[in-house]
Amino acid sequence: MKANSKVIEEIITNESIITVFQPILSIKKRALVGLEALTRGYYNNTIIMPDSLFALASSAGLAVELDRLCRKRALENFSSVKSQLGRDTILFLNLDASIIDLGVVGSGVLLGAVRGLNLNPDSIAIEINEAGVKDVESLHSFINTYRSHGFIIALDDIGAGHSNLNRVALTRPDILKIDRALVKDLDKEYYKREVFKSLISLARNTGALVVAEGVERMEEAIAALDLGVDMLQGFHFSEPRDISYIPFNSLTERMENIALRFKEHALRKISLKSIQEREYETLLCSIINELTNIRPADFDKKLRQVITKYGYLECIYILDQSGIQVSNTICNQTILSACARPAFRPAPCGTDHSLKDYFYLLAGTGMKKCVTEPYISLASGNLCTTISAYFDNTCRRQFIICIDTNSNSTV
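Given below as structure tokens:
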């Protein structure tokens, strides 16, 4: 093979690139929202994948030329089928973010290419991987320029190891694309779900839509939808293909199938929550009945009996009306010894819980009981749910019983 600079020069001169497209779908709308354009190089009967292709161009000082060729070919392909796809279909156009540092802001090449093909800027989403930009001011200027012309701004690879969330505030994207690394096994991994959930919240609070990239399994799609994602993209629906060979009929079938499965999932989740609420109510009533005639001095003794009786509970403790713990935290030693870690310790008597949601939601709203969202217990390090409720005892004082149950177990 010739020297790398000669290879990339010939690829650009001969326009030896292949443009493929991957669908981006809205399950709620059962609609094709857009197509992401992806580029491969072609040289000497060999396909050159994007990372290698753009690395060649960068090392040869031809990043801008390659980027413009890729955009030109993607726009031409998209233009050829736009009338069939409908006005609302968006072309997701990757931008080699490193060229922003090379002073391309305001060149007008992209705008001219879009208008030259009778496309509207509002049907083009410019995907930016902000990690490739060193000059923050140039990035800001680039985005403001193209947004003023009507282009959609998408921030790519959010949640990847190199992504910098402070750039979200700078770029104010219209669309966040969550990286495939977070989507993989989303249905199985609690920590990924929590990070994913925080990114969804960030998008909602900043007015952005969210695409989950790299969806390969039905279960990942369901998990992403359950957490509030707007659009899905990945091999589960279609691998990147020539625009003429995108399987639109099978896409419709897959969207309908996922929509049906997601509806079943949502209904099952509601049903399980209802059952769980009844089980929590029964558990609380049973434990409170045992505490009603117990003096505060004897709380610990009774709680040890309770934790033995209900072997699936992790911890149990009692607060006064100001949120101060008046018993020790009585724990299921079988559960805690299996996951003992130095950083996690049960709270002692006298601990202030007034800033914990299982206290202030009761004290501030008049609720009869509170069931928290799952969280990592400071007592065990396990994923747990806390159930809390008021109770009165023989000394005519009101207390709050708090019960920690493992979120992966059933009551």
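Each residue of the sequence shown is one higher than the one before, starting from 42 at the first, in my numbering.
The beta-carbon is built from N, C-alpha and C at its ideal position, and this holds for glycine as well.
Pro-64: first and last residue of the uninterrupted beta strand (DSSP E) it sits in: Numbered from 1 along the sequence shown, position 23 holds the residue referred to as residue 64. From DSSP, the beta strand (DSSP E) with Pro-64 extends over 58-67.
At least 3 beta-carbon pairs within less than 8 Å: the region 74-82 vs the region 120-132: yes
Among Ala-138, Asp-433 and Glu-235, the one whose alpha carbon lies nearest that of Ser-179: Numbered from its first residue, the sequence shown carries residue 179 at position 138. It is Ala-138 whose Cα lies nearest to the Cα of Ser-179.
How big is the Cα-Cα spacing for Leu-206 and Leu-268? As a first step, residue 206 must be located in the sequence shown, where it is residue number 165. As a first step, residue 268 must be located in the sequence shown, where it is residue number 227. Their Cα atoms are separated by approximately 19 Å.
Coil, strand or helix - Ile-335 by DSSP: On the sequence shown, residue 335 is found 294 positions in, with the first residue counted as 1. Three-state result, Ile-335: coil.
Short of 6 Å in beta carbon distance, which residues of its chain neighbour Thr-333, apart from the five on each side in sequence? Order them along the chain. Residue numbering aside, residue 333 sits at position 292 when the sequence shown is read from its first letter. Result list for Thr-333: Asn-434, in chain order.
What three-state label does DSSP hand Gly-136 in the structure shown? Reading the sequence shown from its first residue, position 95 is the one you call residue 136. According to the sequence as given, residue 136 is Leu; it is not Gly. DSSP places Leu-136 in strand when its eight states are reduced to three.
In chain order, each alpha helix (DSSP H) run of at least 4 residues that lies wholly inside the region 190-237: 207-212 and 221-224
Cys-372 to Asp-341, Cα distance in whole Å? Locating residue 372 in the sequence shown gives position 331, counting from the first residue. Locating residue 341 in the sequence shown gives position 300, counting from the first residue. Cys-372 and Asp-341: Cα-Cα distance of roughly 11 Å.
Using 8 Å as the threshold, is the region 297-316 in touch with the region 99-114, meaning 3 or more CB pairs across them? no
Rounded separation between Arg-282 and Ile-59 - CA only: Here residue 282 corresponds to residue number 241 of the sequence shown, with the count starting at 1. Here residue 59 corresponds to residue number 18 of the sequence shown, with the count starting at 1. Each residue's alpha carbon lies about 10 Å from the other.
Assuming Leu-217 contacts Val-236 (C-beta within less than 8 Å), just tell me the rounded distance between them. As a working mapping, residue 217 is identified with position 176 in the sequence shown. As a working mapping, residue 236 is identified with position 195 in the sequence shown. The Cβ separation is near 13 Å, so there is no contact.
Please determine whether the Cβ atom of Leu-196 lies at a distance below 7 Å from any heavy atom of the ligand GDP. In the structure shown, the ligand GDP is absent, as is every other ligand, since no ligand is present at all.
Using three-state DSSP, classify Leu-301 as helix, strand or coil. What you label residue 301 is simply residue 260 of the sequence shown in a count that begins at 1. Three-state result, Leu-301: helix.
Answer yes or no: do Cys-425 and Leu-360 have a C-beta to C-beta separation smaller than 8 Å? Counting from one through the sequence shown, the residue named residue 425 turns up at place 384. Counting from one through the sequence shown, the residue named residue 360 turns up at place 319. It is not a contact, given that the beta carbons lie outside the stated cut-off.
Pairwise C-alpha distance: Ser-120 and Gly-159: Here residue 159 is taken as the residue at index 118 of the sequence shown, counted from 1. Here residue 120 is taken as the residue at index 79 of the sequence shown, counted from 1. A small correction: the amino acid at residue 159 is Asn; Gly does not occupy that position in the sequence shown. Cα to Cα, Asn-159 sits roughly 8 Å from Ser-120.
Quick one: residues in its chain with C-beta nearer than 7 Å to the C-beta of Asn-45, no 5 flanking neighbours on either side, listed in chain order? Against the sequence shown, residue 45 aligns to sequence position 4. Cβ within range, chain order: Leu-97, Ser-100 and Ala-101.
Beta-carbon separation (whole angstroms), Arg-258 vs His-277, contact threshold 8 Å: For the purposes of this step, residue 258 is taken as residue 217 along the sequence shown, with counting starting at 1. For the purposes of this step, residue 277 is taken as residue 236 along the sequence shown, with counting starting at 1. With a Cβ gap of about 6 Å, Arg-258 and His-277 count as contacting.
Check this for me: beta carbons of Gln-366 and Thr-392, under 8 Å apart or not? Against the sequence shown, residue 366 aligns to sequence position 325. Against the sequence shown, residue 392 aligns to sequence position 351. Yes, they are a contact pair.
CB Val-252 to CB Ile-65, shorter than 8 Å? Translated into the one-based positions of the sequence shown, residue 252 becomes position 211. Translated into the one-based positions of the sequence shown, residue 65 becomes position 24. Contact: yes.
Restricting to Cα atoms, I'd like to know which of Ile-263, Leu-273 and Glu-322 is closest to Leu-250. Position 209 of the sequence shown holds residue 250. Considering only alpha carbons, the answer is Leu-273.
Buried versus exposed, by CB contacts within 10 Å (16 or more), Met-296: In the sequence shown, the residue the question calls residue 296 occupies position 255. Buried: at least 16 other Cβ atoms inside 10 Å.
Go ahead and label Ser-421 buried or exposed: buried means 16 or more other beta carbons lie within 10 angstroms of its beta carbon, across all protein chains shown. Within the sequence shown, numbered from 1, the residue matching residue 421 stands at position 380. Looking at its Cβ environment, which holds 16 or more other Cβ atoms inside 10 Å, Ser-421 is buried.
Under 8 Å by Cβ, that's how I've got Glu-51 and Tyr-83 pegged, so tell me the actual separation to the nearest angstrom. Within the sequence shown, the letter at position 10 stands for residue 51. Within the sequence shown, the letter at position 42 stands for residue 83. Actually they are not in contact, since the Cβ atoms of Glu-51 and Tyr-83 sit about 10 Å apart, beyond 8 Å.
To the nearest angstrom, report how far apart Cys-436 and Tyr-232 are at their CA atoms. Reading the sequence shown from its first residue, position 395 is the one you call residue 436. Reading the sequence shown from its first residue, position 191 is the one you call residue 232. Those two C-alpha atoms are separated by around 44 Å.
Cα-Cα separation, Asp-398 to Leu-377: In the sequence shown, residue 398 corresponds to position 357, counting from 1. In the sequence shown, residue 377 corresponds to position 336, counting from 1. One C-alpha to the other measures close to 23 Å.
Tell me the DSSP secondary structure of Glu-77 in three-state form. For the purposes of this step, residue 77 is taken as the residue at position 36 of the sequence shown. Strand, per DSSP.
Give the C-beta separation of Ile-141 and Asp-176 to the nearest angstrom, bearing in mind that I take them to be a contact with Cβ-Cβ under 8 Å. Here residue 141 refers to the residue found at position 100 when the sequence shown is read from its first residue. Here residue 176 refers to the residue found at position 135 when the sequence shown is read from its first residue. About 7 Å; that satisfies the 8 Å criterion.
Which same chain residues, not among the five before or five after Asp-163, have their C-beta less than 8 Å away from its C-beta? On the sequence shown, residue 163 is found 122 positions in, with the first residue counted as 1. For Asp-163, where only same-chain residues beyond five positions count, the Cβ hits under 8 Å are Gly-191, Phe-192 and Ile-193.
Between which two residues does the alpha helix (DSSP H) containing Glu-106 stretch? On the sequence shown, residue 106 is found 65 positions in, with the first residue counted as 1. First-last of the alpha helix (DSSP H) with Glu-106: 104-126.
According to DSSP, residues forming a beta bridge with Ile-428: Locating residue 428 in the sequence shown gives position 387, counting from the first residue. Looking at the DSSP assignment, Ile-428 forms a beta bridge with Val-412 and Ile-444.
Chain-order list of residues whose beta-carbon lies under 8 Å from that of Ala-388 (same chain, five-residue window excluded): Stepping through the sequence shown from its first residue, residue 388 is reached at position 347. So the list reads Tyr-358, Gln-366, Thr-370, His-394, Leu-419 and Ala-420, once near-sequence residues are dropped.
In three-state DSSP terms, what is Cys-326? The residue given as residue 326 occupies position 285 in the sequence shown. Three-state result, Cys-326: helix.
Distance, Leu-143 Cα to Ile-49 Cα: Indexing the sequence shown from 1 puts residue 49 at position 8. Indexing the sequence shown from 1 puts residue 143 at position 102. C-alpha separation (whole angstroms): 19 Å.
For chain C, find out if any of its Cβ atoms is closer than 8 Å to the Cβ of Leu-116; answer yes or no. Given the protein chain composition of this structure (a single chain), no chain C is represented.
Mapping DSSP to helix, strand and coil, what is Leu-158? On the sequence shown, position 117 is the one that residue 158 refers to. The answer is coil: DSSP assigns Leu-158 none of H, G, I, E or B.
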